[in-house]
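Have a look at the structure below before the remarks.
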Amino acid sequence: MSLLRRLRSTSLLTRFGVISLLLTVAVGAVLSTMLSSAIEGRARQQAEDAALMAVRLGLQPQFTRDDLADGFDADRLANVEETVDDAAEQFGTGGSKLAAFDPIELKVFNADRTIVYHSESPELVGETSRSGELGAALDGYVVSGFAHSADDSAASEDGEHQLLEVYVPLQYDGADRPDGVIELYLPYAPIAAAVREDVRTMTIALAVSLTVFYLVVFRLIASASTRLRRQTEDLQTSAERDRHQATHDGLTGLANRELLRDRLGQGLATASRSDGEVALLLIDLDRFKEINDTLGHSYGDKLLCQVGPRLQSVLRDGDTVARLGGDEFAVLLPHVEGIGEAEAVAERLRLSLHQRFDVDGVALDVEASIGVALSPWHGTDTEELLRNADIAMYVAKEMKAGAVVFEPTEHVTAPSRITVLGDL
Numbered sequence: 263m264s265l266l267r268r269l270r271s272t273s274l275l276t277r278f279g280v281i282s283l284l285l286t287v288a289v290g291a292v293l294s295t296m297l298s299s300a301i302e303g304r305a306r307q308q309a310e311d312a313a314l315m316a317v318r319l320g321l322q323p324q325f326t327r328d329d330l331a332d333g334f335d336a337d338r339l340a341n342v343e344e345t346v347d348d349a350a351e352q353f354g355t356g357g358s359k360l361a362a363f364d365p366i367e368l369k370v371f372n373a374d375r376t377i378v379y380h381s382e383s384p385e386l387v388g389e390t391s392r393s394g395e396l397g398a399a400l401d402g403y404v405v406s407g408f409a410h411s412a413d414d415s416a417a418s419e420d421g422e423h424q425l426l427e428v429y430v431p432l433q434y435d436g437a438d439r440p441d442g443v444i445e446l447y448l449p450y451a452p453i454a455a456a457v458r459e460d461v462r463t464m465t466i467a468l469a470v471s472l473t474v475f476y477l478v479v480f481r482l483i484a485s486a487s488t489r490l491r492r493q494t495e496d497l498q499t500s501a502e503r504d505r506h507q508a509t510h511d512g513l514t515g516l517a518n519r520e521l522l523r524d525r526l527g528q529g530l531a532t533a534s535r536s537d538g539e540v541a542l543l544l545i546d547l548d549r550f551k552e553i554n555d556t557l558g559h560s561y562g563d564k565l566l567c568q569v570g571p572r573l574q575s576v577l578r579d580g581d582t583v584a585r586l587g588g589d590e591f592a593v594l595l596p597h598v599e600g601i602g603e604a605e606a607v608a609e610r611l612r613l614s615l616h617q618r619f620d621v622d623g624v625a626l627d628v629e630a631s632i633g634v635a636l637s638p639w640h641g642t643d644t645e646e647l648l649r650n651a652d653i654a655m656y657v658a659k660e661m662k663a664g665a666v667v668f669e670p671t672e673h674v675t676a677p678s679r680i681t682v683l684g685d686l
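Take 263 as the starting number for the sequence shown in this note's numbering and just add one per residue.
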């Protein structure tokens, strides 16, 4: 599985953590590179400044325009050598490694690009150079670049054999352009070491800062995510509770009239497609008003809460028990095999309710009147089946017949034209 697929399968917080970590590392790498370049540029600038100061204060006062134009005689050469040594001693003892001035090689050019002094190869005196850096210095700019020592054609990683080549213009009062240029070769190793030390220090500081930043941001996001998840869960719980309250009876927890209608409609639709039968049984508790008035509403409510489990104990898992209000209940049988099965279920329900109830140590006996309606024989829609089951229940209650099946072909109010299932 690829990293992208794995990320998609993880939580949103984990994906944020991984992606933000990668971005933080990338930003750190870019900043570290930029920081390294800036530190190296600063080091080169300090080296240029040190060379410029050494030339202006130490070397240039020892030269004249005539020296640059005519060259140096033996006595002047000796003075130049001594001056270079003095400048190296004076400007090479600074506290900063970057400002150390210890030239390895020194050249002096006149305005015609001719070498008039070479500390290491006097035989090159008199030759000319066409380098771009020399031209820029003759235009008045301090220019630097990298060169390699004569004994190593390639620079090592730590800059040990690499040299910093600095061109410093020599310009005297009253001149429009420099009269010459001093080219210095400074060892780059001290500069490289200082750069590495500064880069290492700043990189560590940057890494620590980014790590702290990442941890703080991740902590904030994690806390916000936790709060958001809890709020979402609370909203879901509240929504589920609202949905449950909208479809269930507040006292007994049974399905209410709306949920019964919905399930009855679904059952009728399924039965019509498969030529099945649906039975609806409406139940009215006899003597409940007497119990409620005698013992109080508290006992009545507790009795109602025991009726649901008592009815469910004799039903199948797919059947529904609902409270319609007061002491009226309903049972939905979405799959029955004819009137005979519906009658058998009604009998089981009647017998279960005849068993004594124990409410806070008080034995209570109740009876029930049950009306039975069967689809499609007694109705093919929700309202019709509910109405006919209610008529059958009313007849059962009036006749004290226990359970009555609705008879659609005859006048339902005539006691002689209903089917009596039990004499209680």
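Glycine residues also receive a C-beta, built at the ideal position from the N, C-alpha and C atoms. Please read these numbers as outputs of a predicted model, since none were measured by experiment.
Inter-residue Cα distance where the pair is GLU520 and ALA584: Computed Cα separation, rounded: 10 Å.
N-terminal and C-terminal residue of the beta strand (DSSP E) that ASP499 is part of: First, the amino acid is wrong: residue 499 is Thr here, not Asp. Premise fails: THR499 lies in the alpha helix (DSSP H), 451-509, not in any beta strand (DSSP E).
Where the beta strand (DSSP E) through GLY633 begins and ends: Counted as a single uninterrupted DSSP element, the beta strand (DSSP E) harbouring GLY633 occupies residues 629-637.
Cβ-Cβ separation, ALA635 to ALA654 (assumed contact under 8 Å), whole Å: Correct: roughly 6 Å between the Cβ atoms.
Boundaries (first-last residue) of the alpha helix (DSSP H) holding ASN650: Run containing ASN650: 644-661, per the alpha helix (DSSP H) assignment.
Residue span of the beta strand (DSSP E) that contains GLN308, given as start and end: Segment 274-316 is the alpha helix (DSSP H) holding GLN308; no beta strand (DSSP E) there.
Rounded straight-line distance, which links the Cα of ALA508 to that of LEU595: About 22 Å.
Residue environment, GLY641, which counts as buried when at least 16 other CB atoms sit within 10 Å: So GLY641 ends up on the buried side.
Cβ neighbours of ILE545 in the same chain (closer than 6 Å, five flanking residues each side left out): So the qualifying residues of the chain are PHE591, ALA630 and ILE632.
Per-residue burial, PRO384 [other beta carbons within 10 Å of its own, 16 or more giving buried]: With fewer than 16 Cβ atoms within 10 Å of its Cβ, PRO384 is classed as exposed.
Start and end residues, alpha helix (DSSP H) containing GLN568: Here the alpha helix (DSSP H) through GLN568 covers 559-574.
Pairwise C-alpha distance: ALA456 and VAL317: Looking at the two C-alpha atoms, the distance is approximately 23 Å.
Cα-Cα separation, GLY529 to GLU502: Going by the C-alpha atoms only, they are around 24 Å apart.
Any non-hydrogen atom of the ligand MN closer than 7 Å to PRO449 Cβ: Ligands in the displayed structure: none, and consequently the ligand MN is not present.
Alpha-carbon to alpha-carbon, ARG277 and LEU425: Roughly 49 Å between the two C-alpha positions.
Proximity winner among VAL280, ASP435 and ASP441, relative to LEU396 (alpha-carbon distances): Considering only alpha carbons, the answer is ASP441.
Buried/exposed call for ILE281, threshold 16 Cβ in 10 Å: Residue environment for ILE281: exposed (fewer than 16 other C-beta atoms within 10 angstroms of its C-beta).
ALA517 versus THR582 - alpha carbon distance: Cα to Cα, ALA517 sits roughly 8 Å from THR582.
Straight-line gap, VAL404 to ALA305 (C-alpha atoms, nearest Å): VAL404 and ALA305: Cα-Cα distance of roughly 15 Å.
Chain-order list of residues whose beta-carbon lies under 6 Å from that of LEU647 (same chain, five-residue window excluded): Closer than 6 Å at Cβ, skipping near neighbours: LEU542, ALA635, SER637 and GLY641.
Expected contact under 8 Å - CB spacing of LEU432 and PHE325 to nearest Å: Rounded, the Cβ-Cβ distance is 7 Å, consistent with contact.
Span of the alpha helix (DSSP H) around ASP329: For ASP329, the uninterrupted alpha helix (DSSP H) run begins and ends at 327-332, by DSSP.
Bridge-paired residues (DSSP) for SER381: Per DSSP, none; premise fails for SER381.
Whether ARG612 touches GLY558 by CB criterion (8 Å): Against a cut-off of 8 Å, the Cβ pair of GLY558 and ARG612 comes out as no contact.
ILE366, enclosing beta strand (DSSP E) - first and last residue: Per DSSP, ILE366 belongs to no beta strand (DSSP E) and is neither H nor E.
In DSSP terms, what GLU445 is bridged to: The partner list for GLU445 (beta bridge, DSSP) reads LYS369 and TYR429.
Candidates VAL443, SER487 and GLY388: closest to ALA399 by CA position: Comparing Cα positions, the closest option is VAL443.
Proximity to GLY290 [Cα-Cα], best of TYR476, ILE453 and ASP652: Among TYR476, ILE453 and ASP652, the Cα nearest to that of GLY290 is on TYR476.
Cβ-based burial, GLN617 [other Cβ within 10 Å; buried from 16]: By the Cβ-count criterion, GLN617 is exposed, with fewer than 16 other Cβ atoms from all chains shown falling within 10 Å of its own Cβ.
Counted within 10 angstroms of its Cβ, other Cβ atoms place ASP570 as buried (16 or more) or exposed: Correcting the residue type first, residue 570 is Gly in the shown sequence and not Asp. Burial check for GLY570: the Cβ neighbour count within 10 Å reaches 16 or more, so the residue is buried.
Closest Cα partner of ASP589 within the set LEU513, GLY600, SER485 and ILE483: Taking only the C-alpha atoms, the option nearest ASP589 is LEU513.
Best match in VAL667, VAL666, VAL287 and TYR656 for proximity to VAL470 [C-alpha to C-alpha]: The shortest C-alpha separation from VAL470 is found at VAL287.
ARG585 - DSSP class collapsed to helix/strand/coil: Annotated three-state conformation of ARG585 is strand, per DSSP.
Where the beta strand (DSSP E) containing ASP546 begins and where it ends: Unbroken beta strand (DSSP E) run through ASP546: 539-548.
Pairwise C-alpha distance: LEU565 and SER500: Roughly 29 Å separates the two Cα atoms.
Neighbour-count burial assignment, LYS551, 16 or more Cβ in a 10 Å radius: Taking every protein chain shown into account, the CB of LYS551 has fewer than 16 other CB atoms within 10 angstroms, so this residue is exposed.
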